[in-house]
Structure formats: C-alpha cells, structure tokens
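What follows is one structure encoded as structure tokens, with my remarks underneath.
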Amino acid sequence: MSTKLEKYETMDREEIRQIQLERLQVTVNRAYRNVAFYRNLMDKHGIVPEDITSLDDLSRIPFTTREDLLKNQPYGMFAIPLREVVRLHSSSGTTREPIVVGYSRNDIEHWTELMTRVLYTAGVDRDDIVQIAFDYGLFTGALGFHYGAERIGATVIPCSRLNANKQIVVMRNYRSTVLVCTPTFALHIANVLKNEGISPAELSLKIGLFGSEPWSEVIRKEIEEGLHINALDNYGLSEIMGPGVSVECYEKNGLHIFEDHFIPEVIDPKTDESLPDGEKGELVLTTITKEAFPMIRYRTGDYTSLDHSTCPCGRTLVRMSRVSERTDDMIVVQGINVYPSQIEQILTEIEGAEPHYRLRVDRNGALDELEVWVEVSSHIFFDEVKKMSAIEEQIQKRIEETFGLSIKVRLVEPGSIKKWKENSV
Amino acid sequence: MLRVQSLSSYYGNIQALRGISIHVGYGEIVTLLGANGAGKTTLLNSICGLITSRKGNIFFKDQDIINLSAEKIVRLGISQVSEGRQLFGELSVLDNLMLGSYLHRRNGKKQMQKKLENVFNIFPILKERQKQPAGTLSGGEQQMLAIGRALMAEPELLLLDEPSMGLAPKIVNEIFEIIKRLRDEQGTTILLVEQNVRVALKIADRGYVLETGRAVLEGTTEELLENKEVKRAYLGKGYKEIWE
C-alpha cells in the first residue's frame, strides 16, 4: 500500500478532525457561494459560513433530503459550471425519479483513490484479476470499481449484462480472482455453480466485494461457502460519491468510513437528535472534498450505528455497522431501488387494477424476487381469464419498463388486501 | 506541526480572517494563495504573534501559541521572512545576519559561527558580501539575506511572505530552488505566501486558496492545478502553453 493512502487510514483522531474541519469549512464556504439551495437554506436559518468553527457546529446546518435533490433536478445542486463537470451518473438509473449527480476531474480522481483504498482494504492488489459484474452505465458501481482496480494495476474484466452461466465461463477461463457485484447476484452465481455441478475449486476466486443492497450474515456465509471466497461488504450511494464511502476490513466487524472525505453522523430519524456510538439510527453524510456535487448533512435513509473505537486492523477510521434496513419504505430488489409509491403510481394508470397492493420480496432463492399482489376492480369478474391475464401482463410490462425488473403479479379479490392489512396489524 | 483552527483576526473593526483553518505537517511546504486582501499575510502575522487573534486556536507542536508574544514564538521555533524583507540597509550583511540570532545570543560564539557557516553554505554570495552594507545588495541578494537572517534563529517552521516580490523571473526561480532545498536538505518546514502561483505550486506539496478571509479551496498541488477556478483566477487561460 502506498504511504499516502496508509497515512489517511491510520491518522490519530486529532489529525483526522483537523483535516475534517479544514475541508468542511472549505465545503461550506463553496456551497454557500456557489449553490443557491445551500445559500437560501443557511440564510433562512440565520447561519453564515464562519459560524462553522468546529465539527460540532455542523449540526447547526439543516439536513438535505432526497426531496431537496428532486426539487433541484437536474443541475440545481451543482457547485461548479456544467462545462467543468466531466461525468454524470444517476441514482438507480432505471427508476422514475433518478437523481443526477456530477463529478469534476478532481472528484473522479478522489473517487478513484477511494476505490483503490476499498480494494486494498479487501486485499486486492496488482496481481489480481477483477471481474466486475455490476451494470456499467448510469449506476456508479461498475465504473467506480473499474477505475480503482485499474489504478492499482489489477487486470479488470468489465462484465456487465452477462448471465450467471456466462459469468462462470469468464471466471473459469480467464481465472478471475476477485468478483465485484451485488450479493444477490453472487449468491445466484453460487447456486448456478452448484446446479451445474461445478466445484468452486475449479475457479481461482479468492475475494468478493459485494454491495449496493443490504445483505445478511446468512447470505455472506452462503456466498463464502458456495464460491470459496472471502466476501466483504462495501457501502456507498451515488448522491454522496458512489461506492467508496466505506468498506469492511478482514475483521468483518463494521465498515470503515473514509473520514478524510466524508463526515458521518447517526441521528434518530424521528427526533433528528444526534445519537451516540452504538445506537442505531439514520446515517447522515457530509462530503468534504466534492467539488461538483457537495452534500451537506444528506439523509441517506440507511440504518446503521457508529463505532469510534480503534479496530484490531489498525485503522483509526470510524466504523459503521452493516446496513440492514432503511428508514423509509424503499426496498432494494436485485440492486435496484424500488419505492412502493412508484408501484402505486403505475397501478393507478392501469385500468382494471386498483392501487391496493402488497409487495412481497422473496430473498430465499438465488435472486430476489418481487411479487406484487394487486386487487382487481370490482367490475371485473374473476372468471374472465383473458382479461385477468391481460391486466397481469400489463402490470408486468410497465414495471419492467420502469425498473428493469421482471416480477410476478398476482391478482386478488377486491378488498382482500385491506383485510390482510387489518389482520396483520 | 502547525494547526490553525477557525482563526478570526481583525484590523481595528475590519475582519481580515473569517474562521480559517489550516495545518502544516512536519517537512511540508504549504502555500497560501489568493488575491490581495484575501488574508494571507494576516494569517502569517497572526501565527507569529504580530497581530492579535480574537477567536480560534493556533497549535505549534501541540502547544497553544495563540497571542503569545512574537519573541516567545520565535523562541519556540517559528521565524518569519516578511514581505519587503525589512533589512537594515545601513548595517553590513554580517550584522544583519547576527541580528537574526539575537534571541539566541547567549549560546556562545562557537554556536553562532556554526549557524553563520550554515547560512553561508546555503547562500555563498552572502559570504562574499558579508562586509557590504545590506542596502547595496541587489533585490535577489537582499531576499537571500532576509531568508538567511531568519535561518539564524534555526527555525523549525519558516514563514515566507512573498519571497518573489520585485524580483526578475530568473532570480525568482533561483530563490525558489533554494527554498525547496531548505526543506529537502535541512528539513525546515515551510509555510509560503506567494502571489506568483506558478512558482509556488512548483515547489509546494499542498496549498490553500483564500478569499476574503476564508479558505475556499484546499488540496495537494496536483489537485489545485487541476481545479478550474485556480486556473481561471491565478494561472490564466492557456497557461500551460506559455509556461511549460
């Protein structure tokens, strides 16, 4: 590992706080000067940039929410002119309300550096062959890992849009040592291996870096056994950077947040109060090096807790517990963010379907499966099979168009979901 | 080595620094950039105790030095070469240098001689001219003398304010070559204020861009050079074609 990178991972807390303060002040000064949203927000609350004299003062600035970003689409939150932006990505590019984010040349450089740190932390080096099975495109995951892996000199195989069987062929023939994808897809690959009777010993895989959706220790164990690898979690979100916000070390007891680029807080989502170490709440992140798209106190909607104690691995960076749930009703299916309100919107547009629905996510199989139970309008009789299957198809088609997800639809009698809800309360 | 936190300083009622934070690590060359009136010199003067700071912290090697007397701060190992050099024109080069170690005058002759040798080593021209009045030196030589005088106090942290001012480009390059050698060979840590952004970024490791008493950018030299704002404001369009 280069000394430059090591320096930031093992600084004493005093040093980290000094750097955070300097960068936070620069970020606030620039956001106030260049982003109308932040200037208005701070003016409204009677705050001027020089009020931020310590890291604790950060809490004087109100939160930034997903709704704020939606209101300022597409470029309202940018802090530099568009012609200085060298890349755009968006959050969950296939959903209806994507959030466009931009990167300056320095942002891309920092992101690349962060991704090298993610990869080094996981034990990846220049001798590795990294198979990136994320979707290249608007989604940040693939390109983030791609740049980082190339920077450390590893051999990168960009492998999006191949099914599990083809991924296995690539893996086996090109002797990939590292797999980067969603945990769901990794599990799917493991299951296909098993079904095809291929032993993981025939592969060269050693390390898996999985992220972009919550996954449990049970799933980790299944993936590790199914692929004979060490599976590590990493966390990020496009509003903040993409992957590269935090990563697990080999201790597997939390994800180290790269505090020289981000300031984390955990708050009670109901009272907005800041929570101490160990208590679970909503993760709030502030970027302190982003030029194009600075975020001050962005509410991620992810549940976690912080731990400032020094990790046995030697890193002094704070750890966040693995994200297991969200504060809102967003669900993640095969790495794609789905808000129930979006489903509801689709249902209201389909004749014969009522916006009374129930979403069921089956995570037991290899790939997550989303099943939508929908009430049919009362004037449609249950014996009109043709009509029913037409409605089913229509819903399937619309959801696939919107999310890129193929789902199961089950039509149910009018009123039955309401009844189910009442019973389940 | 040096940590400045949210420093606010005033000239009378005029606020010159608005909560500025910077740090300088051991053996680093850090530069402060910015237009006139951005607060660069004020920051240097606040660090070495020439201006009283109203708010904030300044730590030097973990010791709080805010609003200590300038004399005490020099003793702790910080020396400043101020803008315009502030030499005693009537006095000889040698006397000017000896004044630089005034605070250490009880250290004995041998010690003094050693320091002098060191300075002459770095600036051989000063040895040649040691008997001449400082006022008869050329601009570049005067700047060398000013730096040499600061070195007589054997600072661990050297604050340089506009060392390129009024000098021909060739001499500027020479002076900056020496500044870099001070760090590389003597291990002196340097905080540099400079209007000539190109030369400053050539030798610095990191920098801060100041604007009306605030830091609006910070980063490594590479990051600052890559920043479009720095390019526009301080380097000029197409500077690469002209200068490199």
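Sequences listed follow chains A and B, in order. If you're matching positions, the first sequence starts at 422 in my numbering and goes up one per residue. If you're matching positions, the second sequence starts at 145 in my numbering and goes up one per residue. In this text, a Cβ means the ideal position worked out from N, Cα and C, and glycines have one as well.
Along the stretch 656-685 of chain A, there is no position whose C-beta sits under 9 angstroms from a C-beta of chain B. The beta carbon of A:Pro733 lies closer than 7 angstroms to those of Glu672 in the same chain, with the five residues before and after it left out. With distances taken between CA atoms, A:Gly699 lies nearest to A:Asn674 out of A:Asn674, A:Met716 and A:Val639. If you ignore the 5 residues before and after A:Thr542, its C-beta comes within less than 6 angstroms of the C-beta of Val668 and Cys670, all in its own chain and listed in chain order. Only residues of its own chain outside the window of five on either side were considered, and among them Ile709 have a CB closer than 6 angstroms to the CB of A:Leu445, listed in chain order. In the structure shown, the three-state DSSP call for B:Asn180 is coil.
Shown here for B:Gly178: same chain residues with a beta carbon closer than 7 angstroms to its own, the five before and five after excluded, namely Lys184, Val353, Leu354 and Glu355 in chain order. Rounded to the nearest whole angstrom, the C-alpha separation of B:Leu260 and B:Thr175 is 27 angstroms.
Taking the Cβ atoms as the reference, A:Ile771 lies roughly 46 angstroms from A:Leu479, outside the contact range of under 8 angstroms. About 11 angstroms separates the Cβ atoms of A:Leu788 and A:Val782, ruling out a contact at the 8 angstroms cut-off. In the structure shown, A:Lys673 adopts coil according to DSSP, grouped into three states. Within chain B, the residues Glu370, Asn371 and Lys372 have their CB atoms less than 9 angstroms from the CB of A:Arg526, given in chain order. Counted as a single uninterrupted DSSP element, the alpha helix (DSSP H) harbouring B:Asn265 occupies residues Lys253 to Ile266.
Using a Cβ-Cβ cut-off of 8 angstroms, A:Pro470 counts as an interface residue toward chain B, since at least one Cβ of chain B sits closer than that to its own.
The DSSP assignment places 599-602 as complete runs of the beta strand (DSSP E) inside the stretch 577-625 of chain A, in order along the chain (cut-off: 3 residues). The shortest CA-to-CA distance from A:Asp750 to any of A:Val449, A:Ile553, A:Ile764 and A:Thr561 is the one to A:Ile764. The alpha-carbon separation between A:Thr598 and B:Glu338 amounts to approximately 50 angstroms.
Secondary structure at A:Ser762: helix, using DSSP grouped into helix, strand and coil.
Ranked by Cα distance from B:Leu281, the first of B:Asn180, B:Val237 and B:Ser245 is B:Val237. Contacts with chain B at 8 angstroms (Cβ-Cβ) do not include A:Thr707.
Annotation: B:Asn265 to B:Glu272 spans about 11 angstroms, alpha carbon to alpha carbon.
Among the bridge pairs identified by DSSP, B:Pro313 is matched with none. For A:Ser799, the three-state secondary structure derived from DSSP is coil. Remark: three or more beta-carbon pairs, one from each stretch, lie closer than 8 angstroms, so the stretch 732-748 of chain A and the stretch 428-435 of chain A are flagged as touching. When DSSP states are grouped into helix, strand and coil, A:Thr721 belongs to the strand group. Look at the beta carbons and you see the stretch 356-365 of chain B touching the stretch 152-168 of chain B: at least three pairs across the two are nearer than 8 angstroms.
The residues Thr332, in chain order, have a CB closer than 6 angstroms to that of B:Leu326 in the same chain once the five nearest residues on each side in sequence are set aside. Under the DSSP assignment, A:Lys642 falls in the alpha helix (DSSP H) whose first and last residues are Glu638 to Leu648.
The alpha-carbon of A:Pro697 is positioned some 8 angstroms away from that of A:Leu727.
When 8 angstroms is used as the limit between beta carbons, B:Ala359 is near these residues of chain A: Glu443, Gln446, Val447 and Asn450, in chain order. Straight through space, the alpha carbons of B:Val316 and B:Gln274 are spaced by roughly 22 angstroms.
Less than 8 angstroms separates the beta-carbon of B:Ser152 from that of B:Ser197. Distances from the alpha-carbon of A:Thr474 to those of A:Val705, A:Glu435 and A:Gln439 put A:Gln439 closest. In this model, A:Leu704 and A:Thr486 are separated by some 12 angstroms (Cα to Cα).
By the neighbour-count definition (other C-beta atoms within 10 Å, threshold 16), B:Leu336 is a buried residue. Boundaries of the alpha helix (DSSP H) harbouring B:Leu289: Gly283 to Leu295, taken from the DSSP string.
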